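Participant:
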Amino acid sequence: MNYWLVKSEPSAYSWDDFVKDGGTRWDGVRNYQARNNLIAMKKGDPVLYYHSGALPEVVGTAKVAKGSYQDPTTDDERWVAVDLAPVKPLKRPVALGEIKKEKRLKDISLTKQGRLSVMPVTKEEYDVILGMGSG
DNA sequence: GCCAACGTTGGC
DNA sequence: GCCAACGTTGGC
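For the first sequence, the positions run 626 to 760 when my numbering is used.
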């Protein structure tokens, strides 16, 4: 089992939209590294849901509802999509600033590769963020 | 709104 | 295959 973090700009698609929809297709990714991460996602893998933009923070947990398949928004067979389903919101969001300050998260891809939109996290990183978000 | 980081494109 | 120019992302 692998652990992941996905970014979304809340003005485009927020956590609340995600919950209201009961899940969504994660498509439109046009970056090879992010694409490779999508391909590595397996049904049931836990996912952290992160808001980028004015208020950068991890807001909730999700899971992979369906592994990768051809991205239906393009005929270009290089690109794939996955389906994600919401699990639950964090009791309190974990801000990027806190993540940067937390020693146990010093190697997290979120801060190492700022522009990557789909990235793996370790189980430890996942658990630490969940712990910080539990109140 | 600015700017740094960095992926992509295209000329050579 | 190199590298400069360009575009996009995302933090501040």
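Built from N, CA and C at the ideal position, the CB exists for glycine as well.
For clarity, every value in this text was computed on a predicted model and none was experimentally measured.
On the criterion of 16 or more Cβ atoms from any shown chain inside 10 Å, does Trp702 qualify as buried, or is it exposed?
Facilitator: What sits at residue 702 in the sequence shown is Glu, not Trp. Exposed: under 16 other Cβ atoms inside 10 Å.
Participant: Please classify Asp696 as buried or exposed, where buried requires at least 16 other C-beta atoms within 10 Å of its C-beta.
Facilitator: Answer is buried; the Cβ neighbour count reaches 16.
Participant: How many whole angstroms separate the CB atoms of Gly685 and Tyr674, which I take to be in contact at a CB cut-off of 8 Å?
Facilitator: With a Cβ gap of about 5 Å, Gly685 and Tyr674 count as contacting.
Participant: For the candidate residues Lys668, Leu715, Asp642, Lys748, whose alpha-carbon lies nearest to that of Lys688?
Facilitator: Of Lys668, Leu715, Asp642, Lys748, the residue nearest in Cα terms is Lys668.
Participant: Hey, would you say Ser734 sits closer than 8 Å to His676, going by beta carbons?
Facilitator: Result no, Cβ atoms of Ser734 and His676 do not sit closer than 8 Å.
Participant: Three-state secondary structure (DSSP) at Ser636?
Facilitator: Here Ser636 sits in coil by DSSP.
Participant: Could you name the residues of the same chain whose beta carbon sits closer than 8 Å to that of Trp651, not counting the 5 residues immediately before and after it, in chain order?
Facilitator: Val631, Leu663, Ala706, Val707, Asp708, Leu709, Val743, listed in sequence order.
Participant: Measuring alpha carbon to alpha carbon, tell me which of Pro681, Ala720, Asn661, Asp732 ends up nearest Met757.
Facilitator: Of the candidates Pro681, Ala720, Asn661, Asp732, the one whose C-alpha sits nearest the C-alpha of Met757 is Ala720.
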